[in-house]
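Below: the structure, in structure tokens.
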Amino acid sequence: MPDEPVASLSEAARTYGGVRVLDAVSLDVRPGVTVVIGPNGSGKSTLLRVLVGATEPTAGEVRYPGATGPKPIGYLPQRVPFRDGYTARETLAFYARLVGDDPDAALERVGLADAAGRRVEALSGGMRRLLGIAQAVLGDPSLVALDEPASGLDPGMRERAFRAAARRADGDTAVVVSSHALDLVDAHADRVVILRRGRIAAAGPLDRLLDERDAADVGELYRVVTGSSGARADHTDDAGDAEAGDATGGSDEGSESDGSDESDGDDAEPDVHVTGVSDR
Amino acid sequence: MSGWFTGVASVFRREIATVVRTPGYGVLTVGLLVVLGALLAAGGGGATGFVPAVVDLLLPTEALVPVVAVVLGYRALLTDAASGELAVIRTYPVRVGEYVAGVLLARTVALVAAVGVPYAVVGVVVWLTAAPDTGIFATHTGVDSPLLYLRFLAFVLLLGAAYVSLAAAVSALAASRRSAIALGALALAAGVLGGDLVLLRSLAGGASPATVPASLALAPNGAFRGLVFEHVIGVAFAPESGFVSTGRAVGSLVGWTLLGAVVASATLAYGRRVDAAVERVRRGIRD
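Here it is as structure tokens:
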């Protein structure tokens, strides 16, 4: 993989209502699959939003040295936002027209060709997420950010969603995924970023982190780094960390020291969570 | 240029499809037709000719059209922002201006259908049923004509377009559906009543009545009313003009339309930065 980062965060921070949700995060996003993990409320979603430009950081900056093309960034939010009343194909056709892509091929790529004529609201949660992934990779972006693509899915769908995302990661494309599905992180991640209370607790190539922490797998690594009992090996936290964020990258390691944030009560440690704060 | 066109056309197409698939807008159109028919029947002007019909409809139109326009526009830009889809759209090569233009154009086309069709139906009914011969295409004072009604319809659509744009600006500023409703109602009240109240206040404060034509044109409703008096009712009945400056009144309606579009675009383009700046201040206070 080339050394040139696709995107780079430098001392990026974000607050909501004056509460720090993301704190001085620096990281380089490189080609391959980077998975951001962390407890609920640790800043994963915020990190992804800042990374794709959906949220303006309150400090620091985001650069895209390796993101090129008419659509350099692809993004799937935690809640798949497509309008009801449209079929899967109509939904993708709108986006495909903007980048001159083929909606049918996009549906085919994620295995939704047979559901092309079904309305978005009639799709299962997993199918909606696959549709979201198909949308995110339209136009061949250099940076693809997927917020909890496996959330709320059954094991088969989770694997399918992750595989569809990982397939995009090649020599030039960086795929950044936030997830609690640690078994899938083990299987698909090239790099891992572990967030804790809005800061990067550990980040780097997965193999290196496992060696350094003497951990057998990502689950153990997660427990060692965060001190919590471990994330679910899967699924469902749709209602969870709407404002959480995480990041991946190569550099930063170490534990954060900011203890000023609020707890969301989901894990053993106090995490940042701002109830009711929406981010447009 | 083609990129700009693709962006606007794609957003327009999607928005039009959304409008077509929203049954409420059809109900709104039928409702407006029923109300206009009732007003015409109650006023009796429609049985006499186009200009009397316009006289009957003028005042209600100043409230009905803004209401329809606000209903069409108050969530136009909020829907995508609230659902998170706007963040997705913005990863595509569509500038904020293109997105707003596409949405606004579609909503304006929807307004032309929702308002234009009922008013056109009323015009046809008047043409078919009015007692004096209204089939004369005339431009001379004292003669009723379908052309006068077409002018009225054009002014109605200009008024509606201004309110659709202002409602879209409201939808960009609103953070939720509830706040959009509240802001839309506020904009409606300010637009429908505000201009006249300010004018009355200025007259009570000693302003010269000679300034009325110029002042009247500043508010959308005043501009609309002035244009109708100047180019529809006045043509048929009054030997004099000077109700309002035509250029100023048309400029006012176009200006309100552009203002709404600019406010909507600026809100979407710079809202994140403003939000971040506010957060910096909050954080500074907290620290």
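Chains as they are written, first to last, in the numbering used here: chain A, 60 to 339; chain B, 45 to 331.
Just so it is clear, CB atoms sit at the ideal spot from N, CA and C, and this is done for glycine as well.
Using a Cβ cut-off of 8 Å (strictly closer), state whether residue i contacts chain B.
i: Tyr281(A); result: no
i: Val84(A); result: no
i: Ile132(A); result: yes
i: Glu70(A); result: no
i: Pro264(A); result: no
i: Glu115(A); result: yes
i: Ala298(A); result: Because Ala298(A) sits at a pLDDT of 33, beneath the cut-off of 50, its placement in the model cannot be relied upon, and the point is left open.
i: Phe153(A); result: yes
i: Val336(A); result: Only weak support exists for where Val336(A) lies, its pLDDT of 34 falling under 50; the coordinates are left without a value.
i: Leu81(A); result: no
i: Thr74(A); result: yes
i: Pro98(A); result: no
i: Arg89(A); result: no
i: Leu171(A); result: no
i: Val158(A); result: yes
i: Gly144(A); result: yes
With a threshold of 8 Å between beta carbons, is residue i in contact with chain A?
i: Val311(B); result: The residue you asked about is not Val; residue 311(B) is Thr in the sequence shown. Judged by the 8 Å Cβ criterion, Thr311(B) is not in contact with chain A.
i: Pro67(B); result: no
i: Glu106(B); result: no
i: Val138(B); result: yes
i: Arg58(B); result: yes
i: Val307(B); result: no
i: Arg127(B); result: Looking at the sequence shown, residue 127(B) is not Arg but Ser. Yes, its Cβ sits closer than 8 Å to a Cβ of chain A.
i: Val132(B); result: yes
i: Ala320(B); result: yes
i: Gly146(B); result: no
i: Val223(B); result: The sequence given here has Ser at residue 223(B), not Val. Answer no: the Cβ-Cβ gap between Ser223(B) and chain A never drops below 8 Å.
i: Met45(B); result: Reliability of the predicted coordinates at Met45(B) is poor, the pLDDT of 45 falling under 50, and no value is obtained from them.
Can you check whether the CB of residue j is closer than 8 Å to the CB of residue i?
i: Pro208(A); j: Ala224(A); result: yes
i: Ala313(B); j: Val140(B); result: yes
i: Tyr123(A); j: Ala72(A); result: no
i: Gly119(A); j: Leu68(A); result: yes
i: Gly257(A); j: Gly102(A); result: yes
i: Gly117(B); j: Arg151(B); result: yes
i: Val95(A); j: Asp249(A); result: no
i: Ala158(B); j: Trp300(B); result: no
i: Pro253(B); j: Gly270(B); result: no
i: Pro110(B); j: Gly235(B); result: yes
i: Leu103(B); j: Leu84(B); result: no
i: Val166(B); j: Leu80(B); result: yes
i: Val200(B); j: Thr105(B); result: yes
Kindly give me the distance between the Cβ atoms of residue i and residue j, rounded to whole angstroms, as I take these residues to be in contact under 8 Å.
i: Phe268(B); j: Leu203(B); result: 4 Å
i: Ala233(A); j: Leu182(A); result: No, Ala233(A) and Leu182(A) are not in contact; Cβ-Cβ is about 28 Å, not under 8 Å.
i: Val74(B); j: Ala308(B); result: Not a contact, Cβ separation roughly 29 Å.
i: Pro140(A); j: Gly249(B); result: Not a contact, Cβ separation roughly 51 Å.
i: Gly239(B); j: Ala213(B); result: Wrong, their Cβ atoms sit about 17 Å apart, outside the cutoff.
i: Pro137(B); j: Val158(A); result: 7 Å
i: Leu227(B); j: Leu217(B); result: 6 Å
i: Ala244(A); j: Ser237(A); result: The identity of residue 244(A) in the sequence shown is Val, whereas the question assumes Ala. About 10 Å; that fails the 8 Å criterion.
i: Gly278(B); j: Phe287(B); result: 6 Å
Quick one: Cα of residue i to Cα of residue j, how far?
i: Ala147(A); j: Leu135(A); result: 15 Å
i: Val114(B); j: Val208(B); result: 6 Å
i: Tyr145(A); j: Val298(B); result: 34 Å
i: Gly90(B); j: Gly315(B); result: 49 Å
i: Ala120(B); j: Asp143(A); result: 15 Å
i: Gly299(A); j: Gly112(A); result: The predicted position of Gly299(A) is uncertain, since its pLDDT is 34 and thus under 50; a value taken from the coordinates is nonetheless stated next. Cα-Cα distance, rounded: 22 Å.
i: Leu254(A); j: Gly100(A); result: 10 Å
i: Leu210(B); j: Arg245(B); result: 24 Å
i: Arg178(A); j: Thr62(B); result: 13 Å
i: Ala293(B); j: Leu122(B); result: 30 Å
i: Leu189(A); j: Asp231(A); result: 22 Å
i: Gly198(A); j: Gly304(B); result: 32 Å
i: Ala204(A); j: Pro90(A); result: 12 Å
i: Gly313(A); j: Ala260(A); result: At Gly313(A), the pLDDT of 34 sits below 50, so the modelled position is not reliable and the matter cannot be decided from this model.
i: Arg108(A); j: Thr311(B); result: 19 Å
i: Gly146(B); j: Arg156(A); result: 14 Å
i: Ala174(A); j: Glu149(A); result: 11 Å
i: Asp188(B); j: Thr290(B); result: 21 Å
i: Val284(A); j: Gly77(A); result: 27 Å
i: Arg302(B); j: Val242(B); result: Before going on, a small fix: residue 302(B) reads as Leu here, not Arg. Cα to Cα, Leu302(B) sits roughly 22 Å from Val242(B).
i: Ile133(B); j: Gly93(B); result: 50 Å
i: Ala224(B); j: Val235(A); result: 35 Å
Taking Cβ-Cβ distances shorter than 7 Å, what residues in chain E pair up with residue i?
i: Glu207(A); result: Of the chains in the structure shown, none is chain E; the protein chains are A and B.
Original post:
In chain order, which continuous runs of the beta strand (DSSP E) of length 3 or greater are located wholly inside the region 70-101 of chain A?
Top reply: 78-88, 91-96
Subject >> Contained beta strand (DSSP E) runs [length at least 3] in the region 226-272 of chain A, N- to C-terminal order >> reply: 233-237, 250-255, 258-264
Original post:
If you scan the region 111-137 of chain A from start to end, which runs of the beta strand (DSSP E) of 3 or more residues do you find wholly inside it?
Top reply: 118-122, 132-135
Subject >> Unbroken stretches of the beta strand (DSSP E), 3 residues or longer, contained in the region 72-99 of chain B >> reply: none
Original post:
Curious, which full-length alpha helix (DSSP H) runs of at least 4 residues does the region 154-230 of chain A contain?
Top reply: 162-168, 184-195, 214-225
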